[in-house]
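Single-structure report; data block below.
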Amino acid sequence: MQILLIDDNEKLCKLYQQLLIRGGHETRILTDSAKALDTIRESPPDLILLDIMMEPVSGWEVLEQIRSSEEFSELPVIILTGKVLTAQEALQYGLKIEGFVMKPLERTMLLAAIDEAKDLIDESDACYSRALLSGLSPEKAIACKRAVKTKKILLFLRDTLTKQETLLKKEAEQNDEILHSLDDLRTMITQEFQKITLITENCP
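One rule links them: number in the numbering used here = place in the sequence shown (from 1) + 3.
Take a look at the structure:
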């Protein structure tokens, strides 16, 4: 798999690049986040590993640029972050990524996240092919493909949310506001999951 690693820490980039190469992945690095979209256009990767805390353009901003681009709107992205996603971040960006990995990166966790993203890509592509073969229009086949991907991401977000709630409930009451935000996130996940389930039930 051809991977583009975007992180403004050059030393870490080179370290992670070696980890990925040893894992069998051809990997390029980019330390200037302002050049992200141009670099992607020059040579589109199969997957992007994207750090969040960057200057002058944050990882979230780069993600929005990618998703707003018609040609790369479905390019797989895994977020690299040194902190747990907030409820607001999960609400805003959760359905736009294929996963996230906590820093400092461990080789096994990083490679596992990449394998999971690849499995998700393969599964959604297979669903698209089945839909076309069954006689569905290209538009409906794409809807099925996106639904399969979204359903998996929602399950991932739900599991992450449960883990975060468990940790917070063990701490002091000052986390009440955070827990309330997590309730909002859980409601969103439940509603989206119900919508997506209706779509996938009609997919071949």
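All C-beta atoms in this analysis are idealised placements derived from N, C-alpha and C, irrespective of residue type, glycine included. Predicted model, so just to flag it, every value in this text is computed and none were measured.
Looking at the structure shown, is residue i part of a helix, part of a strand, or coil, going by DSSP?
| i | result |
| --- | --- |
| T30 | strand |
| V104 | strand |
| V151 | helix |
| I51 | strand |
| F159 | helix |
| K86 | coil |
Is the beta carbon of residue j closer than 8 angstroms to that of residue i?
| i | j | result |
| --- | --- | --- |
| L83 | L40 | no |
| A129 | G102 | no |
| T34 | L23 | no |
| I55 | P79 | no |
| S132 | K152 | no |
| I81 | I69 | no |
| H2 | I124 | A question about residue 2 goes unanswered here, because the residues of the chain that appear run from 4 up to 207. |
| Q5 | D49 | yes |
Whose CA, out of the options, lies closest to the CA of residue i?
| i | options | result |
| --- | --- | --- |
| Q196 | K154, C206, E142 | According to the sequence displayed, residue 196 carries Phe and not Gln. The shortest C-alpha separation from F196 is found at K154. |
| R2 | I81, E77, P59 | A query on residue 2 cannot be resolved here, the shown segment of the chain reaching from 4 to 207 and no further. |
| T165 | L113, C147, A146, T190 | T190 |
| L18 | Q95, L185, E74, R110 | R110 |
| E73 | I43, L15, K38 | I43 |
Please check the pair residue i and residue j, which I expect to be a contact at CB under 8 angstroms, by giving their CB distance rounded to whole angstroms.
| i | j | result |
| --- | --- | --- |
| I199 | L160 | Incorrect: roughly 12 angstroms between the Cβ atoms, too far for contact. |
| Q20 | L8 | 6 angstroms |
By DSSP's criteria, residue i is part of a beta bridge. Which residues make up the other side?
| i | result |
| --- | --- |
| V80 | I51 |
| Q5 | E29 |
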